[in-house]
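> Take a look at this one; I'll ask things after.
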Amino acid sequence: MAYTTNAISTTQFANPVADITSRLKSLSATDQLALLWFAYTQMGKSITPAAPGAARLQFAEGLINGFKEMSYDEQMQAMRDLANKVDSPVSRAYGILGTNTKLAFWYVLAEMMVEGTVIPVPTYYRMSEPALRLLDAIGRLEFGQQITVLRNAVADMGFDPLA
Ligand code: 45D
């Protein structure tokens, strides 16, 4: 009997990281943001971007301070613009950051969401099926591969006029 499953197998593909990355990039901005959020809540304790992350954050400080000045609606719009690669001042400031700094930036925003400085995801929010399946697949990767997927996810968000 043929075996079928809706779950994305991480052994089924020669390169699960590339496969998951391309699926992730084809999600809507809402799903991408939700997926990042739930990845953060699952990985939270294991990531803590210690010294290197903290040092990089000086480059993202202006961007982070900008978020503190925004209303929840403006924050949501700015994050959607990042995910949609819309040309905006925030997207341009983000676009020139290095990839690990971009990750560190998202990490800080996630912490600000936890404290309520940035618009929180409602506790009842449920992701779409495709996003849930991707989160599950990411959860079954090794830690290093998870970081690579996240790095890929945030690398080409934002707007870089020279790219
Ligand atoms: O109401 O430097 C929805 C290391 C719709 C070391 C929404 C590292 C419904 C070197 C869209 C859901 C490699 C470890 C609302 C660094 C609704 C180094 C809003 C790595 C409100 C940096 C959704 C660091 C929103 C790593 C607003 C791995 C979602 C960092 C926002 C990982 C989601 C960071 C956010 C991660 C998610 C951050 C802000 C996973 C952030 C995730």
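Residues 0 to 162 (numbering that gives the first Met the number 0) make up the sequence shown, in order. Yeah, the Cβ is synthetic: ideal placement off N, Cα and C, and Gly gets one too.
(1) Please state the DSSP three-state secondary structure of Pro129.
(2) Measuring alpha carbon to alpha carbon, tell me which of Ser25, Ser90, Asn99 ends up nearest Leu56.
(3) At a cut-off of 7 angstroms, is Val120 close to the ligand 45D when judged by its beta-carbon and the heavy atoms of the ligand?
(4) Can you tell me whether Asn14 is helix, strand or coil according to DSSP?
(5) For Arg55, verify whether its CB is less than 7 angstroms away from any heavy atom of the ligand 45D.
(6) How about Met69: is its Cβ closer than 7 angstroms to a heavy atom in the ligand 45D?
(7) Closer than 7 angstroms to a non-hydrogen atom of the ligand 45D - does that hold for the CB of Thr29?
(8) If you compare alpha carbons, which of Ala162, Ala136, Val153 is closest to Asn14?
(9) May I ask you to report which of helix, strand or coil DSSP gives Gly157?
(10) When DSSP labels each residue in this structure, what does Arg22 get in the three-state scheme?
(11) In this structure, how does DSSP classify Tyr71 when only helix, strand and coil are distinguished?
In short, the structure shows the following:
(1) helix
(2) Asn99
(3) yes
(4) coil
(5) yes
(6) The answer is no for Met69.
(7) Using a cutoff of 7 angstroms, the CB of Thr29 counts as near the ligand 45D, since one of the ligand's heavy atoms is closer than that.
(8) Ala136
(9) Gly157 falls in the coil class under three-state DSSP.
(10) helix
(11) helix
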